[in-house]
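Participant: Each residue of the sequence shown is one higher than the last, beginning at 694 in the numbering used here. The structure follows.
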Amino acid sequence: MKFKIEKKSGIPLYIQLAETIKTSILNGDLLPNQPFPFMEDLSRELDISMITVRKALNLLEQENLIYKIKGTGSFVKGSININNKSKLPPSPELKPIYILTEKQFLGGYFSKVYESAVSAARRYNIDIFVEVRESYDDYRFLDNINKINIGGIYAMGIEDDNYIRGLIETGIPVIAGDNVLSLPLCDYIVFDVYKGARCLMQHLLDKGHRDILYVEGLVKNSQGEKIPERSNGIRMLAINQVIKESKLNINLRIFSAPIGFHSCYNLGKKIYEERNLPTAVFAFDDTVAEPVILALKDNDIKIPQDMSVVGLGGYLNKELDLKITSYSFDLFKMGQMMVERLLQRMKGYAKPGITIEIGGSFVQGETAGKICKNNEIEAVKI
């Protein structure tokens, strides 16, 4: 059995591998209890790492499509085959959901949300596809949208107002990821960034840090200019409020970097070259924190012994110790909520609104202000 992956694709390799294996299982190309090739063989055949293969098989096991026997290998579940009733066709009245994102946002965050979205979509027998914008001026998907069968769109990490406005004008239900936007007729699902930023800043002050550097994340606007990502405003509001309430003398410096590995790694080197090193770095999110940590480590700065680095986001990766460096959001719930919310919109059960993660639960309402008021938390104005 030959499995295909596209290394130039923006979709993570392990997700591609899991999807192509899954297709073979559901099409009946792989028979019940049939053994898979050994991980070493798949790794060599596809020229990918063993870690990638293992992650793909773990994903299939989570979806109850395969089982493993220690020391023997992985096998297709006996109850799954092309004639089995458990393999339901896509719901005829519901069109597919598209996850639309940008190349710079691919990574741990995207993978976690994608996994949960696929899992939720399968429960409702809805197809789900991924479309990646290669650059800020890539409008191919929007230009051809009328030729595509689409039920709903999840625009994850899309910062282009004009682009999202164009999606909305098609009449297709649109959710604008966790961005802080204010376009009419658009749904929003947002984390409680304000609470997360307050927790992280208070954590740094409690640890005795008084010289702190905040790294704001930059994105490109429609003119190609690099500007602060919108939710920087919430973070800065929370940081300044915690400093004010502490009544401590805090030296807060602000650096900026485009969200992306290379630019943030270079920023980490720039931080190292500062005459007076900060004792802590508060990164915009974990995608910024990770390359900053790597750059500092490459210059013999021990983390967290010499310098603490914290980030907002909490996706799993090899560099971050989530227990001490990150305020973690439930990314798995984000993907599930996205599918459920789009279903409500696609079936006409709900009007556009906003969903905010508060205390581990997602609360829906017409506006952020009403949700905050009803849940007795402070409304944050951007």
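Glycine included, C-beta positions come from ideal geometry on N, C-alpha and C.
Quick one: complete beta strand (DSSP E) runs, 3+ long, within the region 816-843?
Facilitator: Those beta strand (DSSP E) runs which fall completely within the region 816-843 and span 3+ residues are 821-826.
Participant: For M849, write down the residues that DSSP places opposite it in a beta bridge.
Facilitator: Translated into the one-based positions of the sequence shown, residue 849 becomes position 156. M849 pairs with T794.
Participant: Identify every run of the alpha helix (DSSP H) within the region 880-928, keeping only runs that are complete inside it and at least 4 residues long; order them along the chain.
Facilitator: If we require 4 residues or more, the alpha helix (DSSP H) runs fully inside the region 880-928 come out as 886-899.
Participant: Measure the Cβ-Cβ separation of I821 and I846 and say whether it is below 8 Å.
Facilitator: As a working mapping, residue 821 is identified with position 128 in the sequence shown. As a working mapping, residue 846 is identified with position 153 in the sequence shown. Their beta carbons are not under 8 Å apart, which means I821 does not touch I846 by this criterion.
Participant: Does DSSP classify S702 as helix, strand or coil?
Facilitator: Working through the sequence shown from its first residue, we reach residue 702 at position 9. Reduced to three states, the DSSP call for S702 is coil.
Participant: Let me know the secondary structure DSSP gives K1048 once reduced to three states.
Facilitator: Here residue 1048 refers to the residue found at position 355 when the sequence shown is read from its first residue. Going by the sequence as given, residue 1048 is Thr instead of Lys. Strand at T1048.
Participant: Measuring straight from C-alpha to C-alpha, what distance separates G961 and G910?
Facilitator: One-based indexing of the sequence shown puts residue 961 at position 268. One-based indexing of the sequence shown puts residue 910 at position 217. For G961 and G910, the distance between alpha carbons rounds to 13 Å.
Participant: Which whole-angstrom value describes the C-beta separation of A973 and L897, a residue pair presumed to lie in contact below a C-beta threshold of 8 Å?
Facilitator: The count along the sequence shown starts at 1 and reaches residue 973 at position 280. The count along the sequence shown starts at 1 and reaches residue 897 at position 204. With a Cβ gap of about 5 Å, A973 and L897 count as contacting.
Participant: So within the region 709-738, which uninterrupted beta strand (DSSP E) runs reach at least 3 residues, ignoring any that extend past its ends?
Facilitator: Those beta strand (DSSP E) runs which fall completely within the region 709-738 and span 3+ residues do not exist here.
Participant: Given this structure, state the Cα-to-Cα distance separating Y807 from F696, to the nearest angstrom.
Facilitator: Translated into the one-based positions of the sequence shown, residue 807 becomes position 114. Translated into the one-based positions of the sequence shown, residue 696 becomes position 3. Going from the Cα of Y807 to the Cα of F696 covers about 21 Å.
Participant: Can you tell me the Cα-Cα spacing of E712 and I759, whole angstroms?
Facilitator: Within the sequence shown, numbered from 1, the residue matching residue 712 stands at position 19. Within the sequence shown, numbered from 1, the residue matching residue 759 stands at position 66. If you take the alpha carbons of E712 and I759, they lie about 13 Å apart.
Participant: Give the range of the beta strand (DSSP E) segment to which L945 is assigned.
Facilitator: For this step, residue 945 is matched to residue 252 along the sequence shown. L945 -> beta strand (DSSP E) spans N944 to P951.
Participant: Ignore the nearest five residues each way along the sequence and tell me which others in Q1037's own chain have a CB closer than 7 Å to its CB.
Facilitator: The count along the sequence shown starts at 1 and reaches residue 1037 at position 344. A1043.
Participant: For F729, count neighbouring Cβ atoms within 10 angstroms of its own Cβ and tell me buried if that reaches 16, exposed if not.
Facilitator: Locating residue 729 in the sequence shown gives position 36, where the first residue counts as 1. Label assigned to F729: buried.
Participant: Given a threshold of 16 other Cβ atoms within 10 Å of its Cβ, counted over all protein chains shown, does N925 qualify as buried or as exposed?
Facilitator: Residue numbering aside, residue 925 sits at position 232 when the sequence shown is read from its first letter. Burial call: buried.
Participant: Output needed for S702: all residues of its chain with C-beta closer than 6 Å, excluding positions within five of it in sequence on either side, in chain order.
Facilitator: Residue 702 sits at position 9 when you count from the first residue of the sequence shown. Nothing listed; no residue qualifies.
Participant: Counting C-beta neighbours from all protein chains within 10 Å, is the total for T745 16 or more, i.e. buried, or is it exposed?
Facilitator: Here residue 745 corresponds to residue number 52 of the sequence shown, with the count starting at 1. Per the 10 Å Cβ criterion, buried.
Participant: Just tell me which of V1003, L719 and N942 has its CA closest to the CA of E756.
Facilitator: Position 63 of the sequence shown, counted from the start, is the residue given in the question as residue 756. Of the listed residues, the one whose Cα sits closest to E756 is L719.
Participant: Mark I819 as exposed unless 16 or more other C-beta atoms lie within 10 angstroms of its C-beta, in which case mark it buried.
Facilitator: Counted from its first residue, the sequence shown places residue 819 at position 126. Counting Cβ neighbours within 10 Å, I819 comes out buried, since at least 16 surround it.
Participant: Could you name the residues that DSSP lists as bridge partners for K748?
Facilitator: The sequence position of residue 748 within the sequence shown is 55, counting from 1. BP columns for K748 are empty, so no partner.
Participant: With DSSP as the reference, identify every bridge partner of F768, one or two as the case may be.
Facilitator: If you number the sequence shown from 1, residue 768 lands on position 75. Beta-bridge pairing links F768 to P728 and Y760.
Participant: F1025 lies in the alpha helix (DSSP H); which residues open and close that run?
Facilitator: Residue numbering aside, residue 1025 sits at position 332 when the sequence shown is read from its first letter. From DSSP, the alpha helix (DSSP H) with F1025 extends over L1024 to M1039.
Participant: DSSP three-state label for L1005, please.
Facilitator: Position 312 of the sequence shown, counted from the start, is the residue given in the question as residue 1005. If DSSP states are grouped into helix, strand and coil, L1005 belongs with the strands.
Participant: Apply the 10 Å Cβ neighbour rule to H955 and answer buried if 16 or more other Cβ atoms are within range, or exposed otherwise.
Facilitator: As a position in the sequence shown, residue 955 is number 262, starting the count at 1. That one is exposed.
Participant: With a threshold of 7 Å on Cβ separation, who are the neighbours of S812 within its own chain once the five nearest residues in sequence on each side are excluded?
Facilitator: Working through the sequence shown from its first residue, we reach residue 812 at position 119. Excluding sequence neighbours, S812 sits near E756.
Participant: Using the Cβ count rule (16 or more neighbours within 10 Å means buried), how would you classify S1001?
Facilitator: Counted from its first residue, the sequence shown places residue 1001 at position 308. Flag for S1001 reads buried.
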